[in-house]
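Participant: Once you've had a glance at the structure underneath, I'll fire off some questions.
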Amino acid sequence: MGTETDIVARFDIHLDAGDEPVFKGGELITGKLLIELRKPIIINAVKLQMKGRAAWLNDPLKKDDIEKRPPGKPEPGHFQWIGDFTYSLPFECPLPKGCPSTYEGPHAFIRYFIRASLVQEDEFEKIHEYYVKKAFTLVSPSEGHVVSGESAQTEDTAILGKCCCKSKLAAELSLPKTGYLPGEAIYGNLKIGSKHPKDILNHMEARLVDRVRRIGAPEISAASPWRTLFVRKLESTHESPNKAKGAIEQSGLYLLTVPPVCPSTKGDYEDPSKIEHILSPYGKLLESPSTATLRFRKIPFLKVEYGIQVTLGTDILLEIPIEIGELSTRDKSNTLESFVTGPQPVEEADEKGKIAVNGPFVYTPVYPYPQSTGTNGKAAAVTVINTGPALPISEYEPDRTIVTTTRTIVIHSDGHESKTMEETVVETEGEVVRTVLESTVNDDGIKSERKETTTIDASGDEKTSVETSNTRVAESEEIPEIIKEARERIEELVEHQTEHSPVKSSHAAEPTVETIQNENGEETIVSTEIIEDGDTRTVKTTTVTKHADGSESTLVQENTTSETVVTTVLED
1 MGTETDIVAR FDIHLDAGDE PVFKGGELIT GKLLIELRKP IIINAVKLQM
51 KGRAAWLNDP LKKDDIEKRP PGKPEPGHFQ WIGDFTYSLP FECPLPKGCP
101 STYEGPHAFI RYFIRASLVQ EDEFEKIHEY YVKKAFTLVS PSEGHVVSGE
151 SAQTEDTAIL GKCCCKSKLA AELSLPKTGY LPGEAIYGNL KIGSKHPKDI
201 LNHMEARLVD RVRRIGAPEI SAASPWRTLF VRKLESTHES PNKAKGAIEQ
251 SGLYLLTVPP VCPSTKGDYE DPSKIEHILS PYGKLLESPS TATLRFRKIP
301 FLKVEYGIQV TLGTDILLEI PIEIGELSTR DKSNTLESFV TGPQPVEEAD
351 EKGKIAVNGP FVYTPVYPYP QSTGTNGKAA AVTVINTGPA LPISEYEPDR
401 TIVTTTRTIV IHSDGHESKT MEETVVETEG EVVRTVLEST VNDDGIKSER
451 KETTTIDASG DEKTSVETSN TRVAESEEIP EIIKEARERI EELVEHQTEH
501 SPVKSSHAAE PTVETIQNEN GEETIVSTEI IEDGDTRTVK TTTVTKHADG
551 SESTLVQENT TSETVVTTVL ED
């Protein structure tokens with residue numbers, strides 16, 4: 001007992017978006033777990049984790065426990081599962097806005113994945129954990145980011161031969177620019193000194209290499225070694241490459257075409273302390289993971305860098321750093337093509353000792369790439385992911401606008417409106433606008449209001465404006481209607497839960513309610529309702545805390561997401 005074939009007949013993660021989905025920040029991931037056991041057993045727990053993780057790895061399998069106990073009861077339950085029956089467990093999870101694109105490397109990665117686990121205890125009280133995993137690509141929306149870059153050159157020398165037969169080999173490489181886009185050809189000028197082997201032109205190679213830096217880390221440990229992504233043997237234009245004599249100059253030498261890769265990290269973040277993001281402590285407390293990701297979008301954890309290397313045999317290495325820009329994700333002439341190095345492993349350190357079902361797990365990231373380009377001088381074999389049929393001359397082009405509003409109100413039992421925050425995020429394909437309205441009332445009856453508006457365009461440029469005001473209000477006010485309704489609703493839910501009779505709202509899933517008492521005599525009641533009406537989805541959470549001194553506080557948080565699709569006609 002204890003192997004995957006002993007217990008598990010089927011354990012799959014099925015995503016509604018398909019087997020190889022591509023997501024962007026702000027989208028909702030939906031799917032289901034499909035589980036079939038070979039015989040009836042007791043399952044201690046079923047765990048589902050959705051991770052977006054940026055990691056810097058000195059050792060790709062360093063001791064780093066990323067698994068934390070998910071929220072819920074202090075101890076997992078024990079459930080009898082029947083055999084030869086397929087269980088289907090649906091799930092959904094929103095992706096935060098502003099997520100960076102997927103990147104995979106041996107020393108660092110930006111990875112998004114879903115992992116499900118079955119925990120089972122055998123007759124010898126030994127715990128077995130079976131798991132499945134699905135990683136997916138996330139491509140950050142972009143209107144395109146073109147990097148021109150200045151011209152650059154480099155040189156290298158080597159001593160050939162021994163004793164009296166020594167000679168000095170010198171070479172120089174120059175590029176007309178250092179900024180390129182995926183699918184763009186790179187040409188350079190190569191100069192080789194007169195003292196060189198006659199067949200040196202037969203031993204030239206060009207490489208595209210990448211590395212990552214951990215932003216803010218000490219310089220001595222901040223950069224990984226270069227990794228070769230693509231290598232190409234160079235073809236000389238010299239008339240007699242096997243018998244070349246004297247100094248050699250190759251102008252306009254074709255080096256390679258930029259393959260599908262993650263774009264270079266934009267901006268200079270070597271000193272992130274220079275970048276300030278001001279938000280009140282109360283705002284930080286209530287800020288959602290989605291908008292927190294959006295707000296820190298301009299301070300990445302990892303910086304991806306690229307370079308071009310040209311080698312002459314084993315003696316000369318010519319290296320020039322380059323930048324790779326972004327193609328527009330809205331341009332229909334661009335598609336998504338597989339990462340140049342192919343499938344990537346997604347093993348994590350905390351999976352040691354667990355039993356992988358149908359592992360090991362790998363996936364192939366995809367990146368925007370022009371459909372019409374050739375790959376390194378040859379016709380490109382383009383793998384198209386999740387694209388529809390070619391557009392006719394006249395076609396309908398939908399533009400989506402997603403509006404997310406989060407409203408939070410904290411009220412004490414005397415009706416005093418102590419704190420409120422309303423956050424609205426309007427996301428289109430080319431722009432994200434985030435507005436935060438904060439209001440607090442102090443003990444002197446002074447109401448302070450603050451409005452912060454942040455606009456982030458497709459290229460990542462951010463603009464923020466802040467407005468503040470102070471006014472005097474009554475020290476004790478009427479309890480807001482939203483709080484009255486929330487308190488009545490939660491009392492109704494508790495009463496019906498006691499009677500084992502579920503309560504449902506129109507257009508709503510069955511609400512949940514949980515009552516918790518701590519050792520200090522405080523009682524906390526939490527209810528959650530999900531209401532769907534057309535393209536609008538509202539998640540309403542009410543928390544009522546009855547303190548030991550008889551006072552009471554209520555927190556109501558509503559998160560509303562609506563999607564509007566505007567269709568325009570494109571004419572050729």
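Those letters in the sequence shown? Residues 1 to 572, by full-length UniProt numbering. Where a beta carbon is used, it is the ideal one built from N, C-alpha and C, also for glycine. None of these values were measured; they are calculated from a predicted model.
1. Can you list the beta strand (DSSP E) stretches of 3 or more residues lying completely in the region 416-445, in chain order?
2. Sorted by chain position, which residues of the same chain lie with C-beta nearer than 8 Å to residue 28's C-beta, five sequence neighbours on each side aside?
3. Determine, using beta carbons only, whether residue 130 and residue 355 come nearer to each other than 8 Å.
4. Could you round the C-beta distance between residue 316 and residue 158 to whole angstroms and report it? I think they count as a contact, below 8 Å.
5. Between the C-alpha atoms of residue 45 and residue 457, what's the straight-line distance to the nearest angstrom?
6. How long is the line joining the alpha carbons of residue 143 and residue 450, rounded to whole angstroms?
7. Just to confirm before moving on: does the CB-CB distance between residue 34 and residue 16 stay below 8 Å?
8. Throw me the rounded Cβ distance for the residue 147 and residue 210 pair, which I believe falls under 8 Å.
9. Please determine, among 118, 332, 233 and 226, the residue with the shortest C-alpha to C-alpha distance to residue 200.
10. Under the rule that 16 or more other beta-carbon atoms within 10 Å means buried, what is residue 342, buried or exposed?
11. Going by C-alpha to C-alpha distance, which of 550, 180 and 409 sits closest to residue 149?
12. Under the rule that 16 or more other beta-carbon atoms within 10 Å means buried, what is residue 366, buried or exposed?
13. Nearest to residue 332 by CA position, among 370, 555, 403 and 359, is which residue?
14. Report the residue from 558, 552, 523 and 250 whose alpha carbon sits nearest the alpha carbon of residue 537.
15. Use the C-beta contact count for residue 573: other C-beta atoms within 10 angstroms, 16 or more gives buried, fewer gives exposed.
16. Taking Cβ to Cβ, would you say residue 554 is nearer than 8 Å to residue 539?
17. Excluding the 5 residues flanking residue 524 on each side, which residues of the same chain have their C-beta closer than 6 Å to its C-beta?
18. CA-CA distance, residue 103 and residue 425?
19. Helix, strand or coil, according to DSSP, for residue 518 in the structure here?
20. Just list the beta strand (DSSP E) runs in the region 90-159, keeping only unbroken ones of 3 residues or longer that don't cross its boundaries, in chain order.
21. Nearest-angstrom Cα distance between residue 323 and residue 368?
22. With 16 other CB atoms within 10 Å as the buried threshold, where does residue 495 fall?
23. Would you report the Cα separation of residue 300 and residue 203, rounded to the nearest angstrom?
Facilitator: On the basis of the data shown:
1. Taken in chain order, the unbroken stretches of beta strand (DSSP E) that lie wholly in the region 416-445 and span 3 residues or more are 417-427 and 431-441.
2. Within the sequence shown, the letter at position 28 stands for residue 28. The residues are 92, 93, 94 and 95.
3. Walking along the sequence shown from the start, residue 130 turns up at place 130. Walking along the sequence shown from the start, residue 355 turns up at place 355. A contact, by the Cβ cut-off of 8 Å.
4. The residue you call residue 316 lines up with position 316 of the sequence shown. The residue you call residue 158 lines up with position 158 of the sequence shown. Confirmed, Cβ separation roughly 6 Å.
5. On the sequence shown, position 45 is the one that residue 45 refers to. On the sequence shown, position 457 is the one that residue 457 refers to. Rounded to the nearest angstrom, the two C-alpha atoms are 43 Å apart.
6. Locating residue 143 in the sequence shown gives position 143, where the first residue counts as 1. Locating residue 450 in the sequence shown gives position 450, where the first residue counts as 1. Rounded to the nearest angstrom, the two C-alpha atoms are 32 Å apart.
7. As a working mapping, residue 34 is identified with position 34 in the sequence shown. As a working mapping, residue 16 is identified with position 16 in the sequence shown. Not a contact, by the Cβ cut-off of 8 Å.
8. For the purposes of this step, residue 147 is taken as residue 147 along the sequence shown, with counting starting at 1. For the purposes of this step, residue 210 is taken as residue 210 along the sequence shown, with counting starting at 1. 15 Å between Cβ atoms; not a contact.
9. Counted from its first residue, the sequence shown places residue 200 at position 200. Closest by alpha carbon: 233.
10. The count along the sequence shown starts at 1 and reaches residue 342 at position 342. Flag for residue 342 reads exposed.
11. By one-based count along the sequence shown, residue 149 stands at place 149. Looking at the Cα atoms, 180 is the closest of the given residues.
12. Locating residue 366 in the sequence shown gives position 366, where the first residue counts as 1. So residue 366 ends up on the buried side.
13. In the sequence shown, the residue the question calls residue 332 occupies position 332. Checking every option, the nearest Cα to that of residue 332 belongs to 370.
14. On the sequence shown, residue 537 is found 537 positions in, with the first residue counted as 1. Ranking the options by Cα distance to residue 537, first place goes to 558.
15. There is simply no residue 573 to check, as the chain begins at 1 and stops at 572 in what is shown.
16. The residue you call residue 554 lines up with position 554 of the sequence shown. The residue you call residue 539 lines up with position 539 of the sequence shown. No, the Cβ-Cβ distance between residue 554 and residue 539 is not below 8 Å.
17. By one-based count along the sequence shown, residue 524 stands at place 524. Counting only Cβ-Cβ distances below 6 Å, and skipping sequence neighbours, we find 516 and 545.
18. In the sequence shown, residue 103 corresponds to position 103, counting from 1. In the sequence shown, residue 425 corresponds to position 425, counting from 1. Each residue's alpha carbon lies about 26 Å from the other.
19. Translated into positions along the sequence shown, residue 518 becomes position 518. Taken through DSSP and simplified to helix, strand or coil, residue 518 comes out as coil.
20. As far as the region 90-159 is concerned, its whole beta strand (DSSP E) runs of at least 3 residues are 108-121 and 127-138.
21. Looking up residue 323 in the sequence shown gives position 323. Looking up residue 368 in the sequence shown gives position 368. One C-alpha to the other measures close to 16 Å.
22. The residue you call residue 495 lines up with position 495 of the sequence shown. Per the 10 Å Cβ criterion, exposed.
23. In the sequence shown, counting from the first residue as 1, residue 300 sits at position 300. In the sequence shown, counting from the first residue as 1, residue 203 sits at position 203. C-alpha separation (whole angstroms): 39 Å.
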